[in-house]
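A.B. asks: My questions all concern the structure below.
Dropping the structure here:
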């Protein structure tokens, strides 16, 4: 499937006219000409696409600006890492890359199709309303409000044409802030509303606060933004009952599955009660994902956190098992030559279990994309070793979001809700 | 089941595939299946967070219940399960609704359409619907027609119909029913349920065969000498006499469950794990299957009926003494059959299939017996060497077992058989989901892989047509052999194998 564009050129309206226009568009009198409004969900996307905007402006990436995470965007980001002499372990769409790209000369103009360029994974779900907030790198730019209706092309075998609309609010930060008052009437209360914050979690806090309010369901990525801020925000939302989904947590699913698989055979379960050490290696200096995994393990096994501290390599902590025994935890950041797009992706995990009487057990999980020689070294010979390779996931953020939207929940996943506060505490 | 602690890391991880927002409509909601299987399965899916928040269950039946009455009936029926997690039930039961509907009354179905739109608004279920026909089989055709006439099956992507077994009574009626339901919607909207296909262990046959390279090269007539498929029950007819009297073991078990196990055991490898590819291979193998003696079916089929049995302390009534059963009934409660599959893989390999009620043990299994070693070099502890056997245990003690010869300890070179075992309990330690949990989830996911396609159903009925005709036209040629309750069936069934120099495996 290729990305879909709206069938008509979006209509530019004054912000105040948008709610009335859309109301009329879906009024019963108009339904004959426009089809039936899909009774599905609304999706509001914060879509800054800073890296893409800067790369297009500096002529390092061909437009138009779409807001999608394409291979060419990632490749251009990697080139900036090299050209700006950044550490090679810098993720290609990281803040440092954006800052470096912003310093490049160039004034290439390109069409901005954010909000009109709909990923097929999302359009297949027939969102009733897709609202995109598209901040521009020119912070003084005024507010543009674009509206378009779309209907899927009739498919073989018939079916009801369920149509939706697209609203784009584009402009500088202040202009967008001014445009916020039209958002509430644009989100029909009769259907679920999702907010996907597809940007840094520590940018535009006032806007974020306005957007993220229950019962809206929030989608964030705790790999994007400062780790402290990301984990604190996640904890805040979890504790205040805001339904939240974290793409960084979603990307951990194959790690959690593989680790659970190791302990599926009942004869291995006893080892879970005798863990004395947990090591986690992550790419670069973003520990959020690694801490979420450690927090999940600690929560599931009933450990309490005794102490945590920042070290040169990452984080060191001590947990206490229910039987009072100490568990040493160390999260170490590992430089990678070809880092993942997502900051702080997991590289490896090691659990050492030492029963009082009996042979110790060591479990090592390694990412398919990188080895974990560090975890394999040192005194494993006397232990019963179980080693698994965790398959790499190749889904785009749009595919992950579509997965959430296709059958979502109006509450936070209980496992994430339990792990998030502990992960925030673990970050010293 | 091995007594063990739950794997704490496994909790909450069963969220592989996402069910889209939808309304599941159960027709026959006041019936036994709804509170015994369907609602418990849905509650389990809810507890596993596999149902989306935008989900509704609309029960429909002729009884003039309200939403509240339906909820309280379900609460009463699921009391034991609710006790484990009352909070979850509170949330789940808020998603239960009820609408009095007689599918034979067009105005009722029109009203149902209105109620569904209301639920779409209330629960944001996106007009996506799965209709489950848990009604008398005679209403399958008219039920589908009523739904289609009301426009409720118009959208092939957002409407599905699940049809319970039995799908037809014979080849002709299955064909007619297929014609009716296919005129109401597309084939990919029709989900003919066979709950055996929902069993983890039946699905595992596919994985065992097609995810390993060691089995497939020997999975054919060159290495396998015979196959036995058994589904034995210890229970009698219980409260199902009314239905069972008109069906019997051949229609109740063989045509569907056992034939599906046969198809999965014998099918060719599909090119990809794709719903149509798998169902095509299953249909092909069933089309190639035939009774071992189609002209004289009595040579390859034994029918039996359980008589009294048990002990003096706890006697068991015979079938004809069961409430609701004709005292002169000639309905079979046991069937043993010999089949062949006329294709390159299986030519000449006999498939023995048996099922029965009130047998000695509750067990379902597939046993593949391999050819003997061409030369016997060693003395065998029990006379002659035992053929290698691969035993796929469907239930209980789900798993697999491979029997082969090893050197018997001691100074001589005698061989004896031993069993190498794989047990689901030992390896995973978690109970598998009920078949209905898997199948309901698949239907709501629009994944028909584990449901039978029209050509499969017809091929299965066609396979047994000579027997059904014989039972209909000259039943004396397929006499009923009585057997004592809690034994392994009539002696005639043993003779069926003895003629080929074989024995039924005693599980």
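Residue numbers (the numbering used here), protein chains in the order written: chain A, 1 to 428; chain B, 1 to 507. Even for Gly, the Cβ is constructed at its ideal location relative to N, Cα and C. Model, not experiment: these values are computed from the prediction.
1) Taking the alpha helix (DSSP H) that residue 83 (chain B) belongs to, which residues open and close that run?
2) So, for residue 356 (chain A): in the same chain, excluding its five sequence neighbours on each side, which residues have a beta-carbon less than 8 Å away from its beta-carbon?
3) Could you give the first and the last residue of the continuous alpha helix (DSSP H) run that contains residue 420 (chain B)?
4) With DSSP as the reference, label residue 330 (chain A) as helix, strand or coil.
5) One question on the structure: do residue 319 (chain A) and residue 303 (chain A) come within less than 8 Å of each other, judged by their Cβ atoms?
6) Between residue 145 (chain A) and residue 219 (chain A), what straight-line distance do the alpha-carbon atoms span, to the nearest angstrom?
7) Between B:378, B:362, B:389 and B:365, which lies nearest to residue 371 (chain B) when the distance is taken from Cα to Cα?
8) In three-state terms, what does DSSP make of residue 151 (chain A)?
9) So within the segment 271–299 of chain B, which uninterrupted beta strand (DSSP E) runs reach at least 3 residues, ignoring any that extend past its ends?
10) For the segment 415–437 of chain B, which residues have a beta carbon sitting closer than 8 Å to at least one beta carbon of chain A?
11) Does the beta-carbon of residue 519 (chain B) have 16 or more other beta-carbons within 10 angstroms, so that it is buried, or is it exposed?
12) So, with DSSP's three-state summary, where would you put residue 246 (chain A)?
13) Roughly how many whole angstroms lie between the Cα atoms of residue 98 (chain A) and residue 131 (chain A)?
14) Nearest chain A C-beta to residue 53 (chain B) closer than 8 Å, yes or no?
15) Starting from the C-beta of residue 152 (chain B), find all residues in its chain whose C-beta is less than 8 Å away, skip the five residues before and the five after it, and write them out in chain order.
16) Hey, would you say residue 121 (chain B) sits closer than 8 Å to residue 190 (chain A), going by beta carbons?
17) For residue 85 (chain B), which residues in chain A fall below 8 Å Cβ to Cβ?
18) Have a look at the DSSP bridge pairing and note the partners of residue 389 (chain B).
19) Could you tell me whether the Cβ of residue 263 (chain A) comes closer than 8 Å to any Cβ of chain B?
20) With residue 465 (chain B) as the anchor, note down where its alpha helix (DSSP H) starts and where it stops.
21) What residues are listed by DSSP as bridge partners for residue 503 (chain B)?
22) Going by the DSSP bridge assignment, what does residue 167 (chain A) pair with across the sheet?
23) Grouping DSSP H, G and I as helix and E and B as strand, with all else coil, what is residue 217 (chain B)?
24) Using beta carbons (cut-off 8 Å, strictly below), is residue 19 (chain B) in contact with chain A?
25) Can you give me the Cβ contacts of residue 185 (chain A) inside the same chain, cut-off strictly under 6 Å, excluding the 5 residues immediately before and after it?
26) Going by DSSP, name the residue or residues bridged to residue 307 (chain A).
27) Under a CB-based cut-off of 8 Å, is residue 357 (chain A) close to chain B?
28) Can you check whether the CB of residue 234 (chain B) is closer than 8 Å to the CB of residue 513 (chain B)?
29) May I ask which residues mark the beginning and end of the beta strand (DSSP E) holding residue 482 (chain B)?
30) Below 8 Å on C-beta distance, what does residue 120 (chain B) contact in chain A?
31) On a CA-only basis, which of A:359, A:50, A:312 and A:121 is nearest residue 396 (chain A)? Give me that one, please.
32) If I measure Cβ to Cβ from residue 268 (chain B) and keep anything under 6 Å in the same chain, skipping five residues before and after, which residues do I get?
33) Taking Cβ to Cβ, would you say residue 355 (chain B) is nearer than 8 Å to residue 249 (chain B)?
34) If the criterion is Cβ atoms closer than 8 Å, does the pair residue 429 (chain A) and residue 294 (chain A) meet it?
35) Does the structure place the segment 30–50 of chain B close enough to the segment 411–428 of chain B that three or more beta carbon pairs sit under 8 Å?
36) Residue 23 (chain A) to residue 401 (chain A), Cα distance in whole Å?
C.D. replies: Put simply:
1) 79–84
2) 274
3) Bounds of any alpha helix (DSSP H) do not take in residue 420 (chain B); it lies within the beta strand (DSSP E) bounded by 414–423.
4) Strand, per DSSP.
5) yes
6) Approximately 24 Å, taken between the alpha carbons.
7) Answer by Cα proximity: B:389.
8) Residue 151 (chain A): coil per DSSP, three-state reduction.
9) 289–291
10) 425, 426, 427, 428, 429 and 430
11) There is no way to answer for residue 519 (chain B), as the model of chain B reaches only from 1 to 507.
12) strand
13) Between the alpha carbons of residue 98 (chain A) and residue 131 (chain A) lies a distance of about 25 Å.
14) Yes - at least one Cβ of chain A is within 8 Å of the one on residue 53 (chain B).
15) The beta carbon of residue 152 (chain B) is closer than 8 Å to those of 109, 112, 113, 116, 129, 131 and 159 in its chain, skipping five residues each way along the sequence.
16) Yes, these two residues count as a Cβ contact at 8 Å.
17) Correct list: empty, because the minimum Cβ distance to chain A is about 12 Å.
18) Residue 389 (chain B) is bridged by DSSP to B:369 and B:403.
19) So, interface residue.
20) 454–473
21) According to DSSP, residue 503 (chain B) bridges with nothing at all.
22) A:131 and A:147
23) helix
24) At a cut-off of 8 Å between beta-carbon atoms, residue 19 (chain B) makes contact with chain A.
25) 19
26) A:318
27) no
28) The displayed coordinates of chain B run from 1 to 507. Any statement about residue 513 (chain B) would go beyond what the structure contains.
29) 480–485
30) 39
31) Considering only alpha carbons, the answer is A:121.
32) 281
33) Against a cut-off of 8 Å, the Cβ pair of residue 249 (chain B) and residue 355 (chain B) comes out as a contact.
34) The question about residue 429 (chain A) has no answer here: the residues shown for chain A are numbered 1 through 428.
35) no
36) 27 Å
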